[in-house]
Amino acid sequence: MDWIANELRSNPEIALFVCLALGFAVGKVRIWKISLGGVAGTLVVAILIGMIGEIQLNDQVKTIAFALFIFTLGYISGPTFVASLNRKSLKYGTFTVIEVVSVLVITAIAIVIMGLDVGTAAGLLAGGATESAAVGTATDAIARLNLPQSEIETLQNNVGTAYSISYICGLITIVLLASQIFPQIMRINLREEATKLWRKMGGAEDEETATPAAPSVVGREYEVTAAADQSVGTLQESFNGDVTVEAVYRGRQKQILDDELILVEGDRILVVGRREVLVGGASQIGDEVAVEERMEMDLDVAEVVVTAKGYKATTLGDIRHDFAEERQGVFLQKIQRGDHELPVEPQTVIQHGDTVRLAGSGRDLRRVIPLVGFRLDPSVRIDLVFISIGVVAGFLVGQLVWQIGDIPLTLGTGGGCLLTGLLFGWLRSKRPTFGQYDSGAADVIKTLGLAVFICAVGLSSGPEAVSLVKEFGVGLPIAGVAMTLIPACISLFVAWRVMKLPAPLALGAITGQQCSTPGVTAVQQAAGNATPLMAYTIVYAFSNVVLPLLGPVVVAMAHAITG
1 MDWIANELRS
11 NPEIALFVCL
21 ALGFAVGKVR
31 IWKISLGGVA
41 GTLVVAILIG
51 MIGEIQLNDQ
61 VKTIAFALFI
71 FTLGYISGPT
81 FVASLNRKSL
91 KYGTFTVIEV
101 VSVLVITAIA
111 IVIMGLDVGT
121 AAGLLAGGAT
131 ESAAVGTATD
141 AIARLNLPQS
151 EIETLQNNVG
161 TAYSISYICG
171 LITIVLLASQ
181 IFPQIMRINL
191 REEATKLWRK
201 MGGAEDEETA
211 TPAAPSVVGR
221 EYEVTAAADQ
231 SVGTLQESFN
241 GDVTVEAVYR
251 GRQKQILDDE
261 LILVEGDRIL
271 VVGRREVLVG
281 GASQIGDEVA
291 VEERMEMDLD
301 VAEVVVTAKG
311 YKATTLGDIR
321 HDFAEERQGV
331 FLQKIQRGDH
341 ELPVEPQTVI
351 QHGDTVRLAG
361 SGRDLRRVIP
371 LVGFRLDPSV
381 RIDLVFISIG
391 VVAGFLVGQL
401 VWQIGDIPLT
411 LGTGGGCLLT
421 GLLFGWLRSK
431 RPTFGQYDSG
441 AADVIKTLGL
451 AVFICAVGLS
461 SGPEAVSLVK
471 EFGVGLPIAG
481 VAMTLIPACI
491 SLFVAWRVMK
501 LPAPLALGAI
511 TGQQCSTPGV
521 TAVQQAAGNA
531 TPLMAYTIVY
541 AFSNVVLPLL
551 GPVVVAMAHA
561 ITG
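Once you know that position 152 of the sequence shown is 152 in full-length UniProt numbering, the rest is easy, because the numbers rise by one and skip nothing.
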């Protein structure tokens with residue numbers, strides 16, 4: 001045992017990856033459908049290993065990891081955040097305001113009643129609000145206080161310990177509230193309400209656990225009977241533009257394809273379209289036959305960023321109706337907003353900066369893509385030049401300090417990189433010819449950056465953890481629950497009684513104000529479909545930007561209260 005402890009002290013990089021491996025393993029363990037997740041699991045493991053004592057990661061490692069995480073967070077959120085600044089979406093910002101005001105007031109009360117120090121107060125807020133990024137911004141702000149270095153280190157260590165305790169309490173609270181308790185308070189069957197909303201939105205009747213057994217876009221060959229004497233254009237219009245004729249054979253002769261071509265009984269035609277539309281195709285065209293080799297064709301797939309000049313957020317249903325002719329032959333397969341995938345349904349709003357996956361023939365894609373935006377190059381995963389410049393700018397912005405009395409107020413590395421991430425992400429959405437940051441690459445860097453930072457915090461917090469728990473006892477867990485419970489209850493009243501939101505949207509907004517992915521996942525499982533995501537993604541965009549900035553705010557507030 002001594003050998004292991006000495007090895008970890010001598011080689012903290014080994015301790016880092018031990019914590020990551022064990023932490024992400026612990027994070028996968030599910031207890032009553034609730035799991036901590038990899039980052040929180042890493043913090044718990046790091047605190048336990050840190051109790052060995054004197055295991056310290058280099059401060060520069062911690063700073064770089066957090067800078068990469070917070071910049072990436074801002075970069076991904078930038079287009080969505082800006083797109084949400086419209087009259088229809090801004091009302092959802094109310095939930096972020098409720099969250100911010102509530103957690104600051106509760107933290108201030110806890111400081112006065114429990115006598116919390118600055119670090120414990122900051123950790124309590126970050127954990128109760130389930131906002132890991134606030135740990136970094138608060139830690140950075142504490143480092144700038146005019147205090148002895150030993151006291152600063154103690155306060156920074158307390159951030160991690162308090163966060164781990166209140167995060168676990170906050171996570172369990174928001175999952176239970178949103179998926180189980182609130183639906184009972186509302187006296188509704190969440191699954192039934194979600195199904196009604198799903199149907200109203202034009203959603204398909206799929207089981208929640210179903211996996212498509214066939215591709216969404218398919219090709220079918222028919223022998224023309226019912227469609228005889230119709231033109232190709234008329235046949236396509238009869239399907240509302242949701243199918244396209246890609247080939248026509250008359251005997252052995254391939255016909256020159258255009259909308260005016262008249263179909264003759266016995267023609268063999270290849271029709272491409274969405275699978276659910278072609279299910280009843282035989283009644284309008286003729287008998288389906290086995291696809292011949294001469295009819296086989298490959299569909300191209302393109303990832304396209306929505307950047308069309310003058311485009312305003314519009315529902316998918318309206319786009320399909322208003323651009324039926326222009327979109328002919330091109331089919332939407334996926335909608336990605338930031339790191340969330342949205343349902344491909346008529347009422348889904350497509351915003352500027354969303355990434356859509358389009359399928360169709362090369363000819364049709366070349367025609368339609370310029371009308372939508374910019375096609376991503378699949379061979380380019382990350383533009384390191386643009387990303388690196390953004391991080392450098394974030395460090396420089398973070399060094400700016402505003403002196404308010406004796407309190408230095410600064411964005412720090414976290415706030416600076418978050419703001420430049422937002423700016424650079426927005427610029428990328430406006431000019432997508434540069435700055436590509438593949439969602440898969442971004443997710444890896446974001447997760448790894450935060451996990452490494454949290455691990456460093458946990459290792460240094462370990463020696464202080466026991467004394468902090470002894471000092472405040474059950475007060476911290478109770479405060480952590482209150483930090484989640486109170487703003488969630490206020491938001492439920494506002495969403496359900498004031499805004500009259502449908503139940504799935506109300507619960508999605510409540511989980512979104514805390515950026516709680518486990519929370520919205522639990523709500524989706526209870527609802528049986530993706531309707532809660534419609535509100536979650538909008539509120540998430542606001543909270544994901546605002547909550548990390550509370551780190552320096554709560555430090556300044558706690559420092560002022562404690563004197």
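Every residue gets a Cβ at the ideal spot worked out from N, C-alpha and C, and that includes glycine.
Here the structure is a predicted model, which is why all the values come from computation and not from measurement.
The beta strand (DSSP E) with G219 in it runs from where to where?
V217 to V224
Taking all protein chains shown into account, do 16 or more other C-beta atoms lie within 10 angstroms of the C-beta of L384, making it buried, or fewer, making it exposed?
exposed
Are the C-beta atoms of G123 and some chain C residue less than 8 Å apart?
The structure shown contains no chain C, having only a single protein chain.
Would you mind stating whether V356 and L332 have Cβ atoms separated by less than 8 Å?
yes
Comparing alpha-carbon positions, which option in V520, G360, R363 and G373 lies nearest D354?
G373
Along the chain, where does the alpha helix (DSSP H) containing G128 start, and where does it finish?
V118 to G128
Whose C-beta lies closer than 6 Å to the C-beta of A40 among residues of the same chain, with five residues either side of it excluded?
Y167
Which full runs of the beta strand (DSSP E) of 3+ residues lie inside the UniProt domain "RCK C-terminal" (289–374), going along the chain?
300–306, 330–337, 340–342 and 355–360
Are the region 161–176 and the region 120–127 touching, with three or more C-beta to C-beta distances below 8 Å?
yes
Report yes if the C-beta of G473 is less than 7 Å from at least one heavy atom of the ligand ATP; otherwise report no.
The ligand content of the structure shown is nil, which means the ligand ATP is not present either.
Considering only C-alpha positions, which residue in the set G528, L450 and G462 is nearest to E131?
L450
If A527 and R199 are in contact, beta carbons under 8 Å, what's the gap, nearest whole angstrom?
Their Cβ separation, rounded to whole angstroms, is 13 Å, which puts A527 and R199 out of contact at 8 Å.
Taking all protein chains shown into account, do 16 or more other C-beta atoms lie within 10 angstroms of the C-beta of D267, making it buried, or fewer, making it exposed?
buried
If you run the structure through DSSP and keep just helix, strand and coil, what is L507?
helix
DSSP three-state label for S231, please.
strand
CB contact flag (C455, A67, <8 Å)
no
Three-state class that DSSP yields for residue 600 in the structure shown
Outside the shown range of the chain (1 to 563) lies residue 600, about which nothing can therefore be said.
What are the residues that DSSP puts in a beta bridge with D287?
E223
Mapping the DSSP letters down to three states, classify K500 as helix, strand or coil.
coil
Short of 8 Å in beta carbon distance, which residues of its chain neighbour E325, apart from the five on each side in sequence? Order them along the chain.
G241
Please report the distance separating the alpha-carbon of Q60 from that of V466.
27 Å
For S543, the nearest candidate out of T511, G563, V523 and Q524 (CA to CA):
T511
Nearest-angstrom beta carbon gap, V457 and C169 [assumed within contact, 8 Å]:
At roughly 18 Å, the Cβ-Cβ gap does not stay under 8 Å, so C169 and V457 are not in contact.
Report, in whole angstroms, the separation of the C-beta atoms of D300 and L365, which I expect to be a contact under 8 Å.
5 Å
Terminal residues of the beta strand (DSSP E) in which I262 lies:
Looking at the DSSP string, I262 is not in any beta strand (DSSP E), and its letter there is neither H nor E.
Proximity to L358 [Cα-Cα], best of L485, V498 and E303:
E303
Since V175 and A522 should fall inside the 8 Å C-beta cutoff, what is the C-beta to C-beta distance between them, to a whole number of angstroms?
5 Å
Provide the residue(s) that pair with Q236 in DSSP beta bridges, ordered along the chain.
Answer by DSSP bridge pairing: none, since Q236 is not bridged.
Taking the C-alpha atoms as reference points, what is the distance between A506 and G415?
29 Å
How would you write the range of the beta strand (DSSP E) that A247 sits in, first residue to last?
V243 to R250
Which ranges would you report for the alpha helix (DSSP H) in the region 59–101 if only whole runs of at least 4 residues count?
59–83 and 87–90
I31 classed as buried or exposed, judged by whether at least 16 other C-beta atoms fall within 10 angstroms:
exposed
So, with DSSP's three-state summary, where would you put W198?
helix
Give the DSSP-derived three-state secondary structure of R144 in the structure shown.
coil
Figure out for me which residue from S439, I64, V330 and Q149 has the closest Cα to the Cα of L371.
V330
Test item: CB-CB of Y92 and A509 under 8 Å:
yes
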